[in-house]
Structure formats: structure tokens, C-alpha cells
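Some notes on the structure that comes next.
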């Protein structure tokens with residue numbers, strides 16, 4: 657009886673947890689541009705779409721010319737920019753996120769209120785409440801940088817004694833140290849890790865430079881596909897679609913299945929046929945002749961050339 661009661665209680669707890677996850681609306685993907693990848697807790701690589709609600713944990717990856725905007729809560733937005741990696745190591749059943757780690761690249765973070773969320777890089781780890789800022793980490797140079805757009809924050813290397821206040825329009829970086837190919841830390845009492853390195857002086861940007869950077873850190877509109885330039889007609893080409901000279905032939909694949917990768921003449925259940933036409937003096941492709949499967953020389957696009965008869 658006790659075993660049955662314990663089993664029922666366990667299943668009830670699981671059901672409650674699943675319902676909590678199902679009701680959670682954060683964190684979710686509100687905007688994106690390009691292909692965005694997410695590595696799950698199990699190591700599965702998924703493609704993220706707009707409206708995706710992240711659960712449990714996630715590592716988000718962006719490529720060239722791709723960005724993603726994640727709403728962590730009603731007051732916090734993170735925009736992961738091109739060629740960057742962001743890790744959310746734990747998302748609880750209510751959708752709460754306590755830590756965000758920028759593994760490399762750039763992330764714009766706009767947050768309101770006095771939350772206790774930690775924003776980290778491999779070199780830095782702090783709480784930055786009520787600020788709009790750009791956090792960057794260059795893994796090749798071992799450099800973490802912050803640029804503030806609105807309000808201000810205190811910046812330093814992880815647990816480092818030296819820190820700087822960064823106000824609107826200002827930036828500063830912490831230059832780490834490589835030791836044997838790894839970032840160097842001093843280990844203090846109780847395993848406290850202090851990043852080794854130096855903090856730069858705070859730099860004030862010009863209004864023009866700040867505006868340019870500010871505009872570049874939002875989601876960009878997807879690029880429209882480039883249209884192929886039409887091949888110009890030559891003076892002796894009298895036939896159209898495609899262009900052809902007098903007495904030239906064109907081989908066209910007709911009735912080809914939409915997803916076929918070749919001219920499917922002779923394939924099972926295929927109505928495709930390869931038809932040869934000749935360019936006449938009236939500017940028309942005429943004299944149609946259907947080739948047998950053994951004679952098929954058609955491709956997906958029409959082929960123009962000297963007639964073979």
C-alpha cells in the first residue's frame with residue numbers, strides 16, 4: 657500500500673512539473689534572421705524557429721549574417737549577434753533563467769529592474785541590473801568587453817579586485833592571460849577563481865560611432881535573394897525562350913516532376929519527355945521531335961546548340 661502511495665505521489669509530482677513547463681512562456685525566441693542552431697541537454701542539434709520556447713537548458717549558435725532575439729522574461733531581451741554562442745545552463749520549470757553565458761561573440765542585453773541574474777563570459781561573471789549594453793568576448797584574444805548604451809554598470813574580470821564604472825556611450829575591456837593555452841585564474845580559499853589580467857581605461861565613444869554600433873546590434877532584415885541577371889540577346893538570335901539562332905536546336909524537358917533532379921524520361925510513373933525544336937526564320941521554335949529514353953540528352957534547363965541531324 658505504501659509503495660502504491662509513493663508511486664502515485666511520484667507520478668503526480670512529474671505531472672505537475674510537466675504542466676509547469678507547458679505553461680511557461682519564457683525564455684522564448686521572439687525574432688531571428690538566418691539559420692539558428694540550438695544544442696540541447698542531450699547533445700541534439702536543433703534548428704530554432706520564431707516562437708520556440710527554450711526548456712531545461714540550451715546552447716544557442718549563430719552563423720554568418722544570422723541573429724536571434726530571446727526574451728528571458730517580460731523585462732529582459734538578449735540579442736545574440738552573428739557568429740556567436742550563448743549558453744543558458746539552467747532553465748527551471750517556471751522558465752526562470754539565473755545565469756547567461758556568452759561563450760564567444762557578441763550579445764546585446766537590455767534589462768530593467770534589480771534582478772539577480774548573472775551574465776558571464778569565460779573571463780567575467782557579474783550581475784548587471786537595469787542597463788542596456790553590448791557584451792563581447794573574443795576567445796582568440798582572451799578579451800571580454802562591455803559597451804553601455806543606456807544607464808550604467810560596473811565591469812571587471814571574474815572576482816577581480818579592479819573594476820570600472822561604464823556609463824552611457826562608454827566601453828571598457830578586461831584583457832585575460834593565456835597559460836598553456838588555457839585562460840589563467842588564481843585559485844583562492846574555498847575554490848574562489850579570480851581571473852588573471854588587466855582592466856583597460858574607460859573609453860568614451862563619439863556620438864556617430866555609438867549610433868553606428870547601436871544600429872548594428874539589432875535584428876537585421878533577411879536579405880532578399882539576388883535575382884539572376886538575364887542573359888542579353890545577341891544580334892543574330894531570333895528565337896525567344898530561350899534565345900536561339902536560325903536553324904539552331906533546343907532540347908527541352910517537358911512534363912518533368914517538380915522535385916526531379918534530372919529529366920526523368922523513362923522513369924517509372926513519369927510523364928517526362930525530351931523534345932527537340934528547331935529555330936525557324938519566323939523566330940519560332942518549331943518542328944518538335946520527341947526523343948526516346950535512349951536518345952535523351954535533356955537537362956532540367958533547356959539546351960541550345962547545333963542540330964544533331
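Residue numbers (the working numbering): 657 to 965. Every residue gets a Cβ at the ideal spot worked out from N, C-alpha and C, and that includes glycine.
For the options 934, 861, 708 and 915, the alpha carbon positioned closest to that of residue 805 is the one of 861. Under a 10 Å Cβ-count criterion, residue 853 is classified as buried, with 16 or more other Cβ atoms of the shown protein chains found around its own Cβ. Inclusion of residue 850 and residue 814 in the CB contact set at 8 Å is warranted, their separation being smaller than that value. Under the DSSP assignment, residue 765 falls in the beta strand (DSSP E) whose first and last residues are 755–767. No Cβ-Cβ contact shorter than 8 Å links residue 907 with residue 963. Nearest to residue 933 by C-alpha distance, out of 747, 818, 902 and 809, is 902. Contact between residue 702 and residue 696 holds: their C-beta atoms lie close to 6 Å from each other, under 8 Å. In its chain, beyond the 5 residues on either side, 799, 853 and 854 have a beta carbon closer than 6 Å to the beta carbon of residue 831. DSSP, read as helix, strand or coil, puts residue 867 in helix. About 14 Å separates the CB atoms of residue 941 and residue 909; that is not less than 8 Å, and the two are not in contact.
Pairing residue 735 with residue 875 gives a Cβ-Cβ distance under 8 Å.
Rounded to whole angstroms, residue 843 and residue 777 show a C-alpha spacing of 18 Å. A residue is called buried when at least 16 other Cβ atoms come within 10 angstroms of its Cβ; residue 784 meets this threshold and is buried. Going by DSSP, residue 792 is part of the beta strand (DSSP E) stretching over 787–794. Residue 683 places its beta carbon less than 8 Å from that of residue 753. If only complete runs of 4 or more residues are kept, the segment 803–869 shows no alpha helix (DSSP H) anywhere. Considering only 823, 893, 699 and 877, the residue with the shortest C-alpha distance to residue 859 is 823. In this structure, DSSP gives residue 961 an extended state, which the three-state scheme calls strand.
Here DSSP, grouped into helix, strand and coil, assigns residue 900 to strand.
Here residue 760 is near residue 795, since their CB atoms are less than 8 Å apart. Boundaries of the beta strand (DSSP E) harbouring residue 725: 723–729, taken from the DSSP string. For residue 749, no pairing in a beta bridge is given by DSSP. Excluding its 5 nearest sequence neighbours in each direction, residue 751 has C-beta neighbours in its own chain below 6 Å: 680 and 682, listed in chain order. Exclusion of the five residues before and after residue 781 leaves 774 and 814 as the residues of its chain whose Cβ lies within less than 7 Å of its Cβ. Annotation for residue 936: no beta strand (DSSP E) segment contains it, and DSSP assigns it neither H nor E. Counting other Cβ atoms within 10 Å of its Cβ, residue 889 stays below 16 and is therefore classed as exposed. When only Cα atoms are considered, residue 857 and residue 817 end up about 15 Å apart. In the three-state DSSP reduction, residue 872 falls in the helix class (H, G or I).
In the displayed model, residue 944 falls within a strand according to three-state DSSP.
Counting other Cβ atoms within 10 Å of its Cβ, residue 788 reaches 16 or more and is therefore classed as buried. Straight-line measurement puts the Cα of residue 739 at about 40 Å from the Cα of residue 919.
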